[in-house]
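Structure, as structure tokens:
In UniProt numbering, the protein residues as written are 1 to 50.
Structure (structure tokens):
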């Protein structure tokens, strides 16, 4: 699980049951940044995806 004492944990429900994972703040920040870029450059990203 790669979690240390004091880390936050996420308890998620999936089609296969429940999953317990370590919460990674840096990953959340990276995904938020990617979302902002995709929203700002939506048309360019759409053209590049063709």
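Backbone N, C-alpha and C fix where the C-beta goes; we use that ideal spot for every residue, glycine too.
Note that the structure is a prediction, hence the values are computed from the model and not measured.
Reduced DSSP secondary structure (H/G/I, E/B, other) of residue i
{"i": "residue 33", "result": "helix"}
{"i": "residue 47", "result": "helix"}
Check whether residue i and residue j have beta carbons under 8 Å apart
{"i": "residue 9", "j": "residue 20", "result": "yes"}
{"i": "residue 32", "j": "residue 7", "result": "no"}
{"i": "residue 27", "j": "residue 18", "result": "no"}
Start-to-end residues for the beta strand (DSSP E) that takes in residue i
{"i": "residue 14", "result": "9 to 14"}
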